[in-house]
Amino acid sequence: MSPEPMTPIAVGLPSETARLKTVVMCLANPMGILSFLWQGGFDLAALYQGWHNKWALTHNHRKVRQQQIALAELLQAQGVQVHWAERVTGCLTQHYTRDVGFAIDHTFFLARPRRRSRQRELAGLRNLLPRFSRVARLERGHIEGGDVMVDERYILVGLGEETSLEGVECLRSKLAQLGIKREVVTLEFANRGVIHLDTRFNLVSRGVALIHPRSFARNSLRWLEGQFELIEATDQEARNVEINTLTLSAQKVVVQHTSHRLARLLEATGLEALKLDYSEVVRLPGGFRCTTLPVERSA
Numbered sequence: 001m002s003p004e005p006m007t008p009i010a011v012g013l014p015s016e017t018a019r020l021k022t023v024v025m026c027l028a029n030p031m032g033i034l035s036f037l038w039q040g041g042f043d044l045a046a047l048y049q050g051w052h053n054k055w056a057l058t059h060n061h062r063k064v065r066q067q068q069i070a071l072a073e074l075l076q077a078q079g080v081q082v083h084w085a086e087r088v089t090g091c092l093t094q095h096y097t098r099d100v101g102f103a104i105d106h107t108f109f110l111a112r113p114r115r116r117s118r119q120r121e122l123a124g125l126r127n128l129l130p131r132f133s134r135v136a137r138l139e140r141g142h143i144e145g146g147d148v149m150v151d152e153r154y155i156l157v158g159l160g161e162e163t164s165l166e167g168v169e170c171l172r173s174k175l176a177q178l179g180i181k182r183e184v185v186t187l188e189f190a191n192r193g194v195i196h197l198d199t200r201f202n203l204v205s206r207g208v209a210l211i212h213p214r215s216f217a218r219n220s221l222r223w224l225e226g227q228f229e230l231i232e233a234t235d236q237e238a239r240n241v242e243i244n245t246l247t248l249s250a251q252k253v254v255v256q257h258t259s260h261r262l263a264r265l266l267e268a269t270g271l272e273a274l275k276l277d278y279s280e281v282v283r284l285p286g287g288f289r290c291t292t293l294p295v296e297r298s299a
């Protein structure tokens, strides 16, 4: 990708379902078993994640890039501006840009990944961060963007392997310092091994969300049931990362080309489901939401 002009990039994200205007993506690096082991291999959390998810140790990075470019072209055709992060050599999961940060209202928050291998991915934003209109850094704990979801009323944060209570408390403190009056709600999972919240729960339209109910602790599930119209995904759909859709607006959502059942259910709520082949991208796993980092959505 050719260098971008150093023009300012406005940060603004009132909710996950507002119209998408600006997003950051990154093309995948090569990945193989040896490079995976060199990067750090498995820890206990990764073993749990591997047990509960459909997880390949390799992918065809050229095919991943082709599918990412197809998504970028779809986004651009829908009027979305796509910025590209710098690829960091040896970062095998950098194409999942969602995890390196998240926008809330008019502030972009830089994430605090737990794994050293993922901490290196933050360097891919070095040329973009100075252009963002407002950036905040979290000083304590761990938190990744895949665990953070912005509702019109709440900030939902999943408490799994990659996000800690200390990280959530740091976010609450930072929001208060910045005068962002948002209630942060933590969601607990029923078992270890949930990679991120957005692989088991995802806001798709105003008041409507996809969910894998068995992944959530009883109290968290009960709270979600009281707040949203929930469309339940099957065990297989969850393992195939079909919950990880990308909302373009309150009327449109991008789904995997094989997600026929979920697409019908989404369309029954009035949404238009745009199908795209992301079969190679989801092998690690991660889907449309994982590979896109929204910086601006219009209210």
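Quick note on the numbering used here: the sequence shown kicks off at 1 and runs consecutively. By construction, the Cβ of each residue, glycine as well, lies at the ideal position given by its N, Cα and C atoms. Values in this document were obtained by computation on a predicted structure and should not be read as measured data.
So residue i and residue j are supposed to be a Cβ contact under 8 Å. How far apart are they, rounded?
i	j	result
Leu159	Met149	About 13 Å; that fails the 8 Å criterion.
Gln316	Val281	Nothing about residue 316 can be read from this structure; the chain reaches only from 1 to 299.
Glu237	Ala10	35 Å between Cβ atoms; not a contact.
Leu110	Arg137	5 Å
Asn29	Leu92	6 Å
Glu242	Ser220	Going by Cβ atoms, the distance from Glu242 to Ser220 rounds to 21 Å, so no, they are not a contact pair.
Thr269	Ser205	6 Å
Arg140	Cys170	4 Å
Leu203	Thr22	No, Leu203 and Thr22 are not in contact; Cβ-Cβ is about 19 Å, not under 8 Å.
Pro309	Glu162	Residue 309 lies beyond the range of the chain shown here (1 to 299); nothing can be said about it.
Val254	Leu248	7 Å
Pro8	Arg131	6 Å
For residue i, which beta-bridge partners are listed by DSSP?
i	result
Arg120	Arg120 pairs with nothing; no bridge assigned.
Phe288	None, per the DSSP bridge assignment.
Glu183	Tyr154
Gly12	Glu296
Arg98	Arg98 pairs with nothing; no bridge assigned.
Gln251	Answer is none; Gln251 lacks a bridge partner.
Met25	Trp84
Glu162	Answer is none; Glu162 lacks a bridge partner.
Val148	Val157
Are the beta-carbon atoms of residue i and residue j separated by less than 8 Å?
i	j	result
Asp99	Arg118	yes
Pro14	Asp105	yes
Gly101	His142	no
Leu74	Val82	no
Thr292	His95	no
Leu71	Phe288	yes
Pro294	Ala103	yes
Ala190	Leu210	no
Arg200	Ser215	yes
Gly193	Glu229	no
Gln256	Leu271	no
Thr97	Val184	no
Ala85	Leu128	yes
Ile231	Leu266	yes
Ile180	Thr107	yes
His196	Glu152	no
Arg172	Tyr154	no
Arg283	His59	yes
Quick one: what does DSSP say residue i is sitting in, helix, strand or coil?
i	result
Asp198	helix
Ala136	strand
Arg19	strand
His142	coil
Tyr48	The pLDDT assigned to Tyr48 is 45, lower than 50, so where the model puts this residue is not dependable; a value taken from the coordinates is nonetheless given after this. Tyr48: helix per DSSP, three-state reduction.
Leu92	coil
Leu203	strand
Leu300	The shown model of the chain, from 1 to 299, leaves out residue 300, and the question about it has no answer.
Leu128	coil
Glu225	helix
Val282	helix
Determine the extent of the beta strand (DSSP E) in which residue i is found, giving its start and end residues.
i	result
Glu296	Leu293 to Ser298
Lys275	Glu272 to Leu276
Ile231	Glu229 to Glu232
Ala209	Val208 to Ile211
Leu110	Thr107 to Leu110
His83	Gln81 to Trp84
Is the Cβ of residue i closer than 8 Å to any Cβ of chain C?
i	result
Ile243	Protein chains in the displayed structure number just one, and chain C is not present.
Over the uninterrupted alpha helix (DSSP H) stretch that includes residue i, give me the two end residues.
i	result
Gly101	That residue, Gly101, is in no alpha helix (DSSP H); its beta strand (DSSP E) goes Gly101 to Ile104.
Gly349	Here the chain covers residues 1 to 299 and nothing more, so residue 349 does not appear.
Leu75	His61 to Ala77
His260	His260 to Ala268
Ala238	Asp235 to Arg239
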